[in-house]
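The next block holds one structure in the form of structure tokens; read it before the comments.
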Amino acid sequence: MRPHLHLWLIPILPLVGAAINGLLGRRFSHRVVTLVGNVFVGASCAWAWRVFAQFLSLPHEMVPYVHDYATWIRAGSFAASYGLYLDQLSMVMVLVVTSVGFLIHIYSIGYMAHEGGYYRFFSYLNLFMFFMLTLVLANNYLVMFIGWEGVGLASYLLIGFFFLRDSAASAGKKAFIVTRIGDLGFLIALFLLIKHFGSLDFSHLFPAISKLGIESAGPGLLTAIGLLLMTGAAGKSAQLPLYVWLPDAMEGPTPVSALIHAATMVTAGVYMVARSHVIFSRAPAAMLVVAIIGCLTALFAATIGMAQTDIKKVLAYSTISQLGYMFLACGVAAYSAGIFHLMTHAFFKGLLFLAAGSVIHALDGEQDMRRMGGLRKHIPGTFWTMTAATFAISGIFPFAGFFSKDEILWNAFSSEHGSWIFWAVGLLTAFLTSFYMFRLWFLTFFGEFRGIEAGVSEHGYGHIHESPKVMLIPLAILAVLSVVGGWIGWPESLGGVQHFDQFLAPVFGGHAEAAVTAAEHSKELLLAGISVLAALLGLLLAWVLYQRRQDLPDKIAAALGWLYNTVRDKYYVDEGYAAAFVQPLIKGSTYILWRGVDAGAIDATANESAEGAEHVSDALRHMQSGNVRSYAGWVAAGAAVVIAYMVYMGVR
Amino acid sequence: MLELVLFFVFGTIAVGAAINLLAQRHPINSALSLIVVMASLAALFLLMGAEFLAAIQVIVYAGAIMVLFVFVIMLLNAGEEERTPGSRVAMLLGFPAVVLLAGLVAWTLFARNPHPVPVDLAGRFLGSPAAIAQLLFRDFLLPFEITSILILIAIMGAVVLASPVGTTTGSGSPEQAPARREE
Amino acid sequence: MVPISYYLVLSAILFALGVVGFLIKRNLITLFMSIELMLNAVNLAFVAFAWQWKSLNGQVFVFFVMVVAAAEAAVGLAIIIAVFRTRETLNIDRVNLLKL
Amino acid sequence: MLSITTFVIVTVIKIVIALVVLLTAVAYSTWLERKVVGHIQNRWGPQRVGPFGLLQPLADGAKFIFKEDLTPPYVYKPLYLAAPILSLVLALTSISLVPIGNWVTVGGVHTPLEITDVNIGLLIILGITSLSVYGVALAGWSSNSKYSLLGSLRASAQMVSYEIALGLSLVGVLIMSGSLNLREIVDAQGGHMAFWIPRWNIFRWPTQIVAFFVYLTAAFAETNRVPFDLPEAETELVAGYHTEYSSMKFAMFFMAEYANMITVASIATLLFLGGWHGPVFGPGWLQAILPVFWFVLKVFCFIFLYIWIRGTLPRFRYDQLMGFGWKVLFPIAVANVLATSLIVALQK
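Listed in order, the protein sequences are those of chains D, V, A and Y.
According to the working numbering, the first sequence is numbered sequentially starting from 15.
According to the working numbering, the second sequence is numbered sequentially starting from 354.
According to the working numbering, the third sequence is numbered sequentially starting from 273.
According to the working numbering, the fourth sequence is numbered sequentially starting from 136.
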């Protein structure tokens, strides 16, 4: 008899929380809202861990553990059900999402304490958790798509949380619409799947696809599906060319940026690609595209990140480039590496955002790094956690980032899909990453505080205050995680055991167990060394520029001139999109649709018909003589006509 | 044979009374002739074996509703109806329509099926109270209840409407009587 | 042996007479009576059909028609009383305020 | 099944007999009334005409016939004339459905002791009684006098109201015997229960006793008898709806009233008191006669009760009358219907 691990509890609990807070929260006290908002997520997190325990002891033939709860759509041969699908991959995702999510919830208690719409915030956050877990646990693409759209909705709501601020509202809209473009591709991919395989159920779909051969000869059906899926993923995970919404999404509260736009939602694309690895691994062309896109995005975003001055913007671009890494991993069929990096990234990037939030909180909402500095002494807790995260993301041994990033780079170099170009770009990106991260680090925490002479927040200096415990504790936990989190993926080359790869092996096939020779090991070690070197180089450069010779950066910027401006202004991509797509759309809808169709045709017909009716009725109203018997006459006539018609029809 | 004779007797009575209803100028006479129509219809119902309906027809229609009419006529002391210029529409439009109606129906019934099926009297006492009750309280229970509620509302409406402004007592009970009769 | 069509014709005649009454009479109460006459005609048709098809539903319908007629009479006559109280007349041609 | 002709002949004969018997019964119930009320009021009542004034009814009849038949001015003639006839006719018609005994065979003709045996007899009788309102109403209205009008309005309102209680009080019996045919209802009451109590409906369950009294009261009101004789409350309305009537027309109303009393009495007998059931013994002719005798006896007792009450009870006030009808009798009757149906359902 199969043990029934009640999976449904994991998504439902946050939904309940969201419902309670959303419907009744307005009347609740601050304390109650806090309680409701966190207890349910905490419960779902705890349950997730319990499920994990059971899952490990689950007999081998029962993995993946699938459970259908109800039939949703039944149209002819096609059927979709509300079902949950638990295998190692989704297990990892569930754990990451619930744990990080729970930590960030706790953090938000402190961060949002003084904001309006407190209950609204927690209700949205819980809602997001529900949709994210649905996405992760779905047992067919349709339910996954619900979660997919749902997290989009939640992110829209949360980005526009301060909806009174116009920039926030428009940022929310931007995120929503840009993601839509990708979702269209996703949808079409789903239609193709339905058309050719008649089902969206993972447990039907993947075996069916595995029977097909590899489309090495030339692009075919699977390639098309893969590319379309990649479009969706690019939209959701902010890859080229659809990354533009993520930086603007920083308008939302910082916990939101941490949870949705760093740790979980934006990685949904990676998860989806990994989930569909069966399709991709049979479509080399698609995989190549994925790898290239990932690679380019990583580099591109990293370069932009170098020149940003807004602390959250920097983190946003670094998120994009890290996501690029993950796609690169998927593109070279190193899915487990991608997921590994996803996990570690969730730790340290979440931490980075939270710490940044703590800094902003300390400075009463100041986000510009040029007006920070010397905060090390004022907010030590934040500083130390931030430090851990910075080292982690820069991939310095033995922090978490090192292992995941290094595994990606190694695979990019070694796997049959990879090539040294990918590796080179990856390495360059790693260097840039560590540079801009340490730039941020130095600018924020070292030197002396530049807030006063800049004249912003005139009472800033005295008011720099460390964040409350409720914010520091999650920081601490995440800091620990971003230090040790990577060790479960300790590569053999360093005499460790790849627990992570082995855990995920059943899902992605056993390429992790590829017999690797000592030569391979030495090569891998060499590459690892190089990447660490690059990271240290970045650290050094940042130290030189922003600690020793603080006049240099402006000189360099002046020297580089237009190049620097281009990078600082994000390559004018937004402006380009505006000119290419947005303006034509606005013009067209203004002149053709609005003035022409709506006002010219639709309204006109409505008005004209109304006036005609008025005239007619004006003529007819004299029938209303008020004489009942004349009415009776009309009725009789009408009856006669009806009867006559019926008789006529009967006769014919 | 006997049925045919009875049919023609009562049918002629009904039609005659109906015509009288129109011809009379005093409402009370019209009311009485309408009662006659109803009585003869009750007889026709009996011919068709709807004995329960026949009784009900007499009790409810003749015994209750028409009593109401007579009451109202008495209370309002309605006299001969005065001659006022009617409406042209009623004359020019209504009458042709009526004629057309009657003509069409007659034509349909005769010209369309020239050999009317004679119905055997096997279903003699088809409408025995028991049978009707079976139908009424089993298949048509919901409509039945709804109509009873309708009646209740009608009673209240009648009381409210008919009672002089301010008071709600007054000419209540006569209006209520026939309505209550159904329950 | 009465053919059903006879009954139907009779009911048609009665109905037509009712309509005519509604058209020519002026007294509110008499108009009401014409309506009742039409209802009765319809009842006759119902019973005739019920007889023809050996099904009681027609008769049950007549029952309901009667009930509704009773309610209608109660309310309608009350209305007539109210009208008489305000307009001091029962002549339908004098009760014609409801117009443009 | 008889042939049409014999059927018609037999029916005509029965009608004649019924008329004669009924009219004499009516006549002598008036005599009885005067006698009994007289003795109740410590008088002798009619004495002169014949022994014990037994010929008094004939004398009255003669008087009515020879009295001047005057029609007051300003009456609405057709209805003024039609009203009394209408009420009398209706009163007599309702009798025609009342069985007074079993089937009998006279000269090879097997026929029931009633004019016609209809299987919804009771419904038809109720219908006819409901029509009898018109007689009163039209009389009062047509004779164009305020006394008559008031009287008739009261009378009709009263009859219409109490008719409901009347009908509902019968429903219990109908539920028990499951038929609307008077004969079947009576047959259902044959035999006796424990302790030699006859199986009459009134004894079947206590609820039926209640029903019987409801019927009794309603019947008094239906027939406009004391204590419900407001329509002809001499002190206020002279003589109510027949104030303006004289001689034969008045006599018709008079006869109608008593005929109605007899009808009501016989219905009570049939429905509650077991109809013609009673100890039957002796030779064949006696066995043939006895049921009829029992029936007549019961009806007589009922009529005596009528008169007795008239002699004893005072008259209600009109609002009391209406209130009693609607607020007391009607609910009791409904409750009785519910209770009886419940009992029957439980017995099934």
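Even glycine gets a Cβ: it sits at the ideal position worked out from N, Cα and C.
Quick caveat, the model's predicted, so the values are computed rather than measured.
- Three or more C-beta pairs closer than 8 Å, one from the stretch 204-219 of chain Y and one from the stretch 260-275 of chain Y: is that the case here? yes
- Applying the criterion that 16 or more other CB atoms from any shown protein chain within 10 Å of the CB defines a buried residue, is residue 498 (chain D) buried or exposed? exposed
- Message: So residue 383 (chain V) contacts chain A; which residues on that side make the cut at Cβ distance below 7 Å?
- Response: 302 and 305
- Message: 9 Å is my cut-off, CB to CB: does residue 213 (chain Y) come that close to chain V?
- Response: yes
- Message: Using beta carbons (cut-off 9 Å, strictly below), is residue 40 (chain D) in contact with chain V?
- Response: Using beta-carbon distances, residue 40 (chain D) does not count as an interface residue toward chain V, since no partner is under 9 Å.
- Using DSSP with H/G/I as helix, E/B as strand and the rest coil, what is residue 441 (chain Y)? Note: residue 441 (chain Y) maps to helix in three-state DSSP.
- When DSSP labels each residue in this structure, what does residue 99 (chain D) get in the three-state scheme? In the three-state DSSP reduction, residue 99 (chain D) falls in the strand class (E or B).
- Nearest neighbour of residue 395 (chain V), chosen from Y:245, Y:258, Y:198 and Y:147 [CA to CA]: Y:258
- Message: I believe residue 431 (chain V) touches residue 380 (chain V) by the beta-carbon criterion, under 8 Å. Please report the beta-carbon distance rounded to the nearest angstrom.
- Response: 5 Å
- Query: What in chain A is Cβ-close to residue 641 (chain D), meaning under 7 Å?
  - Reply: Here the neighbours are 365 and 368.
- Message: Just to confirm, is the Cβ distance from residue 308 (chain D) to residue 241 (chain D) under 9 Å?
- Response: no
- Message: Please classify residue 418 (chain V) as buried or exposed, where buried requires at least 16 other C-beta atoms within 10 Å of its C-beta.
- Response: buried
- Task: Could you name the residues of the same chain whose beta carbon sits closer than 8 Å to that of residue 468 (chain D), not counting the 5 residues immediately before and after it, in chain order?
- Result: Residue placement at residue 468 (chain D) is poorly supported in this model, since its pLDDT is 45, which falls under 50; the coordinates still yield a value, given next. Leaving aside the five residues that flank residue 468 (chain D) on each side, the residues in its chain whose CB is nearer than 8 Å to its CB run, in chain order, 384 and 385.
- Task: Could you tell me which residues DSSP puts in a beta bridge with residue 276 (chain Y)?
- Result: In DSSP, residue 276 (chain Y) forms no bridge with anything.
- Go ahead and label residue 31 (chain D) buried or exposed: buried means 16 or more other beta carbons lie within 10 angstroms of its beta carbon, across all protein chains shown. Within a 10 Å sphere around the beta-carbon of residue 31 (chain D) sit 16 or more other beta-carbons, which makes this residue buried.
- Task: Anything in chain V within Cβ reach of residue 90 (chain D), meaning under 7 Å, just list it in chain order.
- Result: Result: empty, since nearest Cβ-Cβ is about 38 Å, beyond 7 Å.
- Message: Is the separation between the beta-carbon of residue 404 (chain D) and that of residue 452 (chain D) shorter than 9 Å?
- Response: yes
- Query: Thinking just about the alpha-carbon of each residue, which of A:341, A:346 and A:356 is nearest to the one in residue 429 (chain V)?
  - Reply: A:356
- Any residues in the stretch 279-302 of chain A with a beta carbon nearer than 7 Å to a beta carbon of chain D? Which ones, in chain order? 291, 294 and 295
- In chain order, what residues of the stretch 647-659 of chain D put their CB closer than 8 Å to some CB of chain A? 647 and 650
- Cβ neighbour criterion (16 or more within 10 Å) applied to residue 282 (chain Y): buried
- Assess, as a yes-or-no matter, whether the stretch 554-573 of chain D is touched by the stretch 421-430 of chain D under the definition of 3 or more beta carbon pairs within less than 8 Å. no
- Item | Short Cβ contact (9 Å threshold) for residue 393 (chain V) with residue 374 (chain V) | no
- Would you call the stretch 63-83 of chain D and the stretch 476-489 of chain D touching, i.e. three or more CB-CB distances under 8 Å? no
- Query: Are the beta-carbon atoms belonging to residue 296 (chain Y) and residue 347 (chain Y) less than 9 Å from one another?
  - Reply: no
- Bridge-paired residues (DSSP) for residue 194 (chain D): According to DSSP, which records beta bridges pairwise, residue 194 (chain D) is partnered with nothing at all.
- Can you name the residues of chain D whose CB is closer than 9 Å to the CB of residue 447 (chain V)? 643, 644, 646, 647, 648, 649, 650 and 651
- Item | Closer than 9 Å to chain A by CB, residue 357 (chain V) | yes
- Task: Would you verify that the beta carbon of residue 352 (chain A) is, or is not, closer than 9 Å to some beta carbon of chain V?
- Result: yes
- Measuring alpha carbon to alpha carbon, tell me which of D:480, D:573 and D:421 ends up nearest residue 2 (chain D). Not covered by the structure: residue 2 (chain D). The range shown for chain D is 15 to 666.
- Message: Between residue 357 (chain A) and chain V, is any beta-carbon pair separated by less than 9 Å?
- Response: For residue 357 (chain A), the closest Cβ of chain V is nearer than 9 Å.
- Query: Is it buried or exposed for residue 572 (chain D), if we count other Cβ within 10 angstroms and need 16 for buried?
  - Reply: exposed
- Taking only beta-carbon atoms, is residue 444 (chain V) less than 9 Å away from chain D? Output row for residue 444 (chain V): interface = yes.
- Pick helix, strand or coil for residue 241 (chain Y), following the three-state DSSP scheme. strand
- Taking only beta-carbon positions, decide if residue 434 (chain V) is within less than 9 Å of chain Y. no
- 3-residue-minimum beta strand (DSSP E) runs that sit fully inside the stretch 85-147 of chain D, ordered along the chain: 92-100
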